[in-house]
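In full-length UniProt numbering, the protein residues as written are 1 to 338. Here the structure comes first, spelled out in structure tokens, and everything after it is commentary.
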């Protein structure tokens with residue numbers, strides 16, 4: 001069974017990382033991002049989301065097999081109040097980040113090698129946020145030989161966090177695996193609907209408190225700055241035909257960036273480690289479908305990712321980063337009343 005989700009990354013991860021799981025992989029993440037948590041990050045095909053955009057908060061960016069006991073699903077009260085300030089939202093930077101992916105562990109002898117790249121782009125425009133993510137992985141497995149997996153994910157999220165237009169396309173060796181497209185809308189309490197155009201036309205309800213990727217990333221960074229260590233909320237990112245997923249987020253060590261990075265713009269920011277676990281809502285599941293760990297910076301950029309694809313794990317290292325200047329937006333003049 002294949003699963004697809006996104007991570008918060010801006011996320012991101014959420015903004016965010018997203019990917020879809022192949023037939024021989026277990027659902028482990030998202031989502032920075034959404035939660036790139038920073039827009040979620042989307043890695044549709046080998047699902048992270050994230051991440052995931054969303055691993056355990058053990059050393060920076062590592063993923064543990066499970067930080068959630070099978071008997072007890074975290075019971076943190078969801079954040080149903082949508083009270084993010086314009087200042088909070090504007091702290092998420094436009095970015096173009098390139099990650100090198102390297103194999104760090106393979107289990108069961110199924111995967112012999114794996115390399116890849118991930119491109120994640122987020123642009124803050126006057127009317128909202130545009131995100132694009134491309135995941136490209138080449139692997140060699142005992143069963144299928146050479147596999148070339150490509151996942152393309154793009155969204156537009158309105159500035160008020162109420163509308164999300166999404167598209168996810170995944171291929172394996174040039175063969176189409178998944179093609180999702182549609183639009184979702186939210187009410188002030190976070191409830192809403194997701195309208196799918198592909199692969200089948202259908203409408204699903206979204207639970208109260210649902211966040212789209214950029215808003216999900218904002219909620220994570222806001223919680224980190226406030227000194228919180230855990231939060232929970234549903235997320236909808238458009239990487240799955242099943243609607244929203246529940247997320248349980250753990251934050252650790254928020255403060256000055258340590259160790260420093262190769263990017264001067266990041267070294268002056270606060271950062272911390274983030275762990276995001278994703279849970280299916282239909283039917284409710286006590287075990288997370290996938291998890292993701294990463295280091296998150298105050299501007300929504302992520303580094304030190306660990307992507308767990310079930311029978312192999314890859315490390316994501318930030319290779320190149322561009323932080324474009326924000327678009328200049330002019331307020332529309334008020335119309336005179338007659």
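Beta carbons: idealized from backbone N, C-alpha and C, even for Gly.
Asked                                                                                                                                                                      : Found
Taking the alpha-carbon positions, what's the residue 184 to residue 123 distance?                                                                                         : 20 Å
Given this structure, state the Cα-to-Cα distance separating residue 55 from residue 305, to the nearest angstrom.                                                         : The pLDDT assigned to residue 55 is 28, lower than 50, so where the model puts this residue is not dependable, and the model offers no usable value.
Which same chain residues, not among the five before or five after residue 22, have their C-beta less than 6 Å away from its C-beta?                                       : Residue placement at residue 22 cannot be trusted, given a pLDDT of 40 that sits under 50; the coordinates are not used to answer.
May I ask you to report which of helix, strand or coil DSSP gives residue 264?                                                                                             : helix
Using CA coordinates, which residue listed in 157, 163, 158 and 171 is at the minimum distance from residue 134?                                                           : 171
Note the first and the last residue of the continuous beta strand (DSSP E) segment covering residue 234.                                                                   : 230-235
Does DSSP classify residue 146 as helix, strand or coil?                                                                                                                   : strand
Please report the distance separating the alpha-carbon of residue 241 from that of residue 283.                                                                            : 14 Å
Buried or exposed for residue 273, going by 16 or more other Cβ atoms inside 10 Å?                                                                                         : buried
Looking only at its chain, what residues have a beta carbon closer than 7 Å to the beta carbon of residue 165, apart from the 5 residues adjacent to it on each side?      : 155, 156 and 183
Out of 103, 307 and 160, which has the shortest C-alpha to C-alpha gap to residue 211?                                                                                     : 160
Here's the rule: buried if 16 or more other CB atoms are within 10 angstroms of the residue's CB, otherwise exposed. What is residue 16?                                   : Only weak support exists for where residue 16 lies, its pLDDT of 37 falling under 50; the value from the coordinates is given anyway. Counting Cβ neighbours within 10 Å, residue 16 comes out buried, since at least 16 surround it.
Is the separation between the beta-carbon of residue 251 and that of residue 217 shorter than 8 Å?                                                                         : no
Tell whether a beta-carbon distance below 8 Å holds between residue 231 and residue 92.                                                                                    : no
In the DSSP output, what is residue 165 paired with across the bridge?                                                                                                     : 156 and 183
Report the residue from 153, 254 and 114 whose alpha carbon sits nearest the alpha carbon of residue 141.                                                                  : 114
Between the alpha carbons of residue 326 and residue 199, how many angstroms are there, rounded?                                                                           : 35 Å
Cα separation between residue 201 and residue 100?                                                                                                                         : 36 Å
Going residue by residue through the segment 81-134, where are the continuous alpha helix (DSSP H) segments of at least 4 residues, counting only ones entirely within it? : 86-90
If contacts are defined as beta-carbon pairs under 8 Å, then residue 323 and residue 132 qualify, I think. What distance do you get, rounded to the angstrom?              : 16 Å between Cβ atoms; not a contact.
Would you report the Cα separation of residue 318 and residue 268, rounded to the nearest angstrom?                                                                        : 17 Å
Pull the bridge partners of residue 281 from the DSSP assignment, please.                                                                                                  : 284
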